[in-house]
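Number of protein chains: 2
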Amino acid sequence: MRTLTRKGTATRQRILEGAAAHIREHGVATMTLDDVLARTATSKSQLFHYFPNGREELLLAVARFEADRVLEDQQPQLGDLTSWAAWQSWRDTVVDRYRRQGRLCPLNSVTSQLGSRTPGAQAVVTELMHRWQAEIATGVRHMQDAGEIDPGLDPDRAAAALLAGIQGGVLIQMSTGQTDHLEAALDMGIAHLRASKLASP
Amino acid sequence: MRTLTRKGTATRQRILEGAAAHIREHGVATMTLDDVLARTATSKSQLFHYFPNGREELLLAVARFEADRVLEDQQPQLGDLTSWAAWQSWRDTVVDRYRRQGRLCPLNSVTSQLGSRTPGAQAVVTELMHRWQAEIATGVRHMQDAGEIDPGLDPDRAAAALLAGIQGGVLIQMSTGQTDHLEAALDMGIAHLRASKLASP
DNA sequence: GCCATTTTGGACTTGACAGTCCACTTTTGG
DNA sequence: CCAAAAGTGGACTGTCAAGTCCAAAATGGC
Chain A
2 MRTLTRKGTA TRQRILEGAA AHIREHGVAT MTLDDVLART ATSKSQLFHY
52 FPNGREELLL AVARFEADRV LEDQQPQLGD LTSWAAWQSW RDTVVDRYRR
102 QGRLCPLNSV TSQLGSRTPG AQAVVTELMH RWQAEIATGV RHMQDAGEID
152 PGLDPDRAAA ALLAGIQGGV LIQMSTGQTD HLEAALDMGI AHLRASKLAS
202 P
Chain B
2 MRTLTRKGTA TRQRILEGAA AHIREHGVAT MTLDDVLART ATSKSQLFHY
52 FPNGREELLL AVARFEADRV LEDQQPQLGD LTSWAAWQSW RDTVVDRYRR
102 QGRLCPLNSV TSQLGSRTPG AQAVVTELMH RWQAEIATGV RHMQDAGEID
152 PGLDPDRAAA ALLAGIQGGV LIQMSTGQTD HLEAALDMGI AHLRASKLAS
202 P
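Read top to bottom, the protein sequences are chains A and B. Note that this note's numbering has the first sequence beginning at 2, numbered continuously upward. Note that this note's numbering has the second sequence beginning at 2, numbered continuously upward.
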């Protein structure tokens, strides 16, 4: 597989997206390779041609695919946390994104299936968390520069806390189907940032 | 299985705890029933005798078992959030509990394996979250009564946000191995509660 | 001690699914 | 136009694990 022709990349992409779609709809545990083949009108030989390590490699690719989507779906709001209105709009974007996603979280499915062997999956999530946290922290610094947040507050730690709240909110949603916790966590996190200014000027 | 003799309950318990231990050590995806049998010195017929629905029923039982442990491990601190020192001590208990647990979260493993069929698993988690949140909310009300928290704050919503932070912190720990996010979320949540008093006296 | 019930061992069946293989077709580049 | 490389179809195999079954052993009430 030195080079992929246009047709080749298209097929590879079709398999990848088909697998991702199946996982989003039905979870990963029930997904068989044959399911993916049927849905994408491809054959075994193609799947193993583009993903020589089979299922494991495919799942890892899906993890990367989904991780990228997570941040993309929050843009442009996440990259522009420069006013309280912008924060609020980002908050709404996040809630909406996960409400749409429903009870199944593809990334969580895939990583918990790949488990602790295949450290690649954990690396994908870890990197996603770092990037996500960095973007939030940048937003916090913006607001500090604008004098809207206590400058004594550690932006990375604040971002870490906020990010944890989001993750937990989504996790709870996977069981309850409700976004209440996600919303509460985001609102409390943002409220805390806003309140910090009042407490210290 | 109308009645279980003492020997019977002991065997059932041995199977249950053996499965839980395996999952805590190696995750659920790799666990086979034979693994459990080998580890607990039991046979197929015993497993299916005590868990007629086989693997699924066993995993559900493990989920319940682990859910109970989660709250137990936080006692007595969680049930006695009546001073800021007590809150801090609870915070330390939680961090310590999950640091010990390491990167594998049995409950998350099991529920994501059982998936959306077997709604029982989701019900177990949902109930755990409700109980957990209720205990935190009780703590918030205590502090409101003591005049340490803004009485205008909604205890259930505050508890929901704090709980989300914990869940997310643990989830992130599963990938990173670090408890930083968990600690940040707890500290921020508690700080927010404390700060609410100052903002509204 | 005896009968009913529960508990146990482990061989066997069944099915499913990941992964292999090879023959055939299409595309590419010169 | 034609070789070489890339892409494709799908039958086939091997493995592995869940679940079934039955006969034997232990247990418990009377």
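Backbone N, C-alpha and C define an ideal beta-carbon position, used for all residues, glycine too. Just so we're clear, the structure is a prediction, and the values are computed from it rather than from any experiment.
query: Residues near phenylalanine 52 of chain A by beta carbon distance below 6 Å, same chain, minus five either side; result: Glu58, Leu59
query: Rounded separation between proline 120 of chain A and threonine 112 of chain A - CA only; result: 9 Å
query: Residue-level contact to chain A via CB, histidine 143 of chain B, 9 Å cutoff; result: no
query: First and last residue of the uninterrupted alpha helix (DSSP H) at asparagine 109 of chain A; result: 107 to 115
query: Backbone CA spacing between leucine 61 of chain B and glutamate 18 of chain B [nearest angstrom]; result: 13 Å
query: Same chain, Cβ closer than 6 Å to valine 29 of chain A, five either side skipped, listed in chain order; result: Ser110, Val111, Gln114
query: contact_flag[the stretch 142 to 162 of chain B, the stretch 121 to 128 of chain B] where n(CB pairs < 8 Å) is 3 or more; result: no
query: is_contact[asparagine 109 of chain A, chain B] using C-beta, thresh 9 Å; result: yes
query: Partners in chain A for histidine 182 of chain B, counting only beta-carbon separations shorter than 7 Å; result: Ala161, Leu164, Ala165
query: Alanine 232 of chain A - DSSP class collapsed to helix/strand/coil; result: What is shown of chain A runs 2 to 202, which leaves residue 232 of chain A out entirely.
query: Minimum Cβ-Cβ distance from glutamate 56 of chain A to chain B less than 9 Å; result: Note that residue 56 of chain A is arginine in the sequence shown, not glutamate. No - not a single Cβ of chain B is within 9 Å of the one on arginine 56 of chain A.
query: Whole-angstrom C-beta distance between leucine 183 of chain B and valine 96 of chain B, which should lie under 8 Å; result: 6 Å
query: Alpha-carbon spacing of alanine 165 of chain A relative to glycine 9 of chain B, whole angstroms; result: 43 Å
query: Beta-carbon neighbours of leucine 105 of chain B, restricted to chain A and to distances below 8 Å; result: Ser117
query: Interface residues of chain B facing arginine 123 of chain A [CB-CB closer than 7 Å]; result: It is glutamine, not arginine, that sits at residue 123 of chain A in the sequence shown. Result: Ser176.
query: Selection of the stretch 59 to 77 of chain B by Cβ proximity to chain A, strictly under 7 Å; result: none
query: Buried versus exposed, by CB contacts within 10 Å (16 or more), alanine 41 of chain B; result: A quick correction: the sequence has threonine, not alanine, at residue 41 of chain B. Its Cβ being crowded by 16 or more others within 10 Å, threonine 41 of chain B is buried.
query: beta-carbon arginine 132 of chain B near the ligand NAD non-hydrogen atom, thresh 8 Å; result: Ligands in the displayed structure: none, and consequently the ligand NAD is not present.
query: Minimum Cβ-Cβ distance from aspartate 188 of chain A to chain B less than 9 Å; result: yes
query: Unbroken stretches of the beta strand (DSSP E), 3 residues or longer, contained in the stretch 9 to 60 of chain A; result: none
query: Interface residues of the stretch 20 to 42 of chain A facing chain B [CB-CB below 9 Å]; result: His27, Gly28, Val29, Ala30, Thr31
query: Other residues of its chain near glycine 148 of chain A: CB distance less than 8 Å, five sequence neighbours each side excluded; result: Lys198
query: N- and C-terminal bounds of the alpha helix (DSSP H) containing threonine 177 of chain A; result: 156 to 177
query: Glutamate 149 of chain B, DSSP secondary structure in three states; result: coil
query: Closer than 7 Å at the beta carbon, the chain A residues around isoleucine 173 of chain B; result: Met130, Ala165, Gln168
query: Listed by chain order, chain A residues near glutamine 89 of chain B by CB distance under 7 Å; result: The contacting residues do not exist; glutamine 89 of chain B stays about 16 Å from chain A at best.
query: Other residues of its chain near arginine 56 of chain A: CB distance less than 7 Å, five sequence neighbours each side excluded; result: Leu34
query: Contacts that glutamine 114 of chain B makes with chain A (C-beta to C-beta distance below 7 Å); result: Ala30
query: Cβ neighbour criterion (16 or more within 10 Å) applied to arginine 13 of chain A; result: buried
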